[in-house]
Amino acid sequence: RSLLLCTAGGHGFALPLADIVAVLPPTAPTPAPAGLGGAFRGVAAHRGEVLPVLDAGEQLGFAPVLAAPGQEAPMLRIGSARPIALAVAQVTGLRRVPERLISEVGGAGPVAAIAVMGDAPLPICRAEVLAALRAPGGAG
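Take the sequence shown: its position 5, counting from 1, is numbered 208 in my numbering, and each next residue is one higher.
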């Protein structure tokens with residue numbers, strides 16, 4: 204399985220490469236317009252579209268990637284029904300992982316599977332769930 208490896212909040216995770224439309228270079232999101240919702244950390248432009256920005260750290264329950272206003276971070280354009288940009292601390296690589304090293308996880312939460320990478324497990328997340336989650340206290 205082709206995976207894009209990232210970090211957020213000091214933790215590694217992966218997303219299926221098929222769910223990623225583009226990797227945007229580090230940039231600071233533009234402040235969100237009023238009414239966009241409490242979970243969004245701003246907006247980012249990509250290929251003529253304005254995308255709401257979510258913070259991968261917050262979406263996964265870790266420390267925020269965009270901890271300070273104006274902070275830059277690489278962003279992943281997620282190809283969901285409502286495209287978003289997901290801010291990550293770092294994109295660490297692209298790996299092809301054999302299926303025998305991946306164990307599926309039940310449920311509908313953000314983690315779809317666990318891959319064995321070296322001596323540590325690596326969560327493989329569901330991009331559509333990360334794109335739909337809302338931070339605690341957020342709208343929507």
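Each residue gets a CB set at the ideal place from its N, CA and C atoms; glycine is no exception.
The structure presented is a predicted model; accordingly, all values stated were derived computationally and were not measured.
Quick check: what's the CA-CA separation for P228 versus L289? 12 Å
In the DSSP output, what is A205 paired with across the bridge? A small correction: the amino acid at residue 205 is Ser; Ala does not occupy that position in the sequence shown. Paired residues: R299.
Element boundaries [beta strand (DSSP E), containing V332]: No beta strand (DSSP E) holds V332; the alpha helix (DSSP H) holding it covers 330 to 335.
Pairwise C-alpha distance: P324 and G215: In a straight line, the C-alpha of G215 is about 9 Å away from that of P324.
Rounded C-alpha distance that separates L208 from D258: 16 Å
Tell me the DSSP secondary structure of L279 in three-state form. In the structure shown, L279 sits in a strand (DSSP, three-state: E or B).
Taking DSSP's pairing of strands, which residues face P179 in a bridge? The structure shown does not extend to residue 179, since the chain is modelled only from 204 through 343, so no value can be given for it.
Could you tell me whether the Cβ atoms of T210 and A330 are closer together than 8 Å? no
When you compare the CB positions of D222 and G282, do they come within less than 8 Å of one another, or not? yes
Please report the distance separating the alpha-carbon of G251 from that of F243. 19 Å
One question on the structure: do A276 and G213 come within less than 8 Å of each other, judged by their Cβ atoms? no
Could you tell me the alpha carbon to alpha carbon distance between A231 and Q274, rounded to whole angstroms? 5 Å
Could you spell out the range, first to last residue, of the alpha helix (DSSP H) harbouring A271? Following the DSSP letters along the chain, one finds A271 in no alpha helix (DSSP H), marked with neither H nor E.
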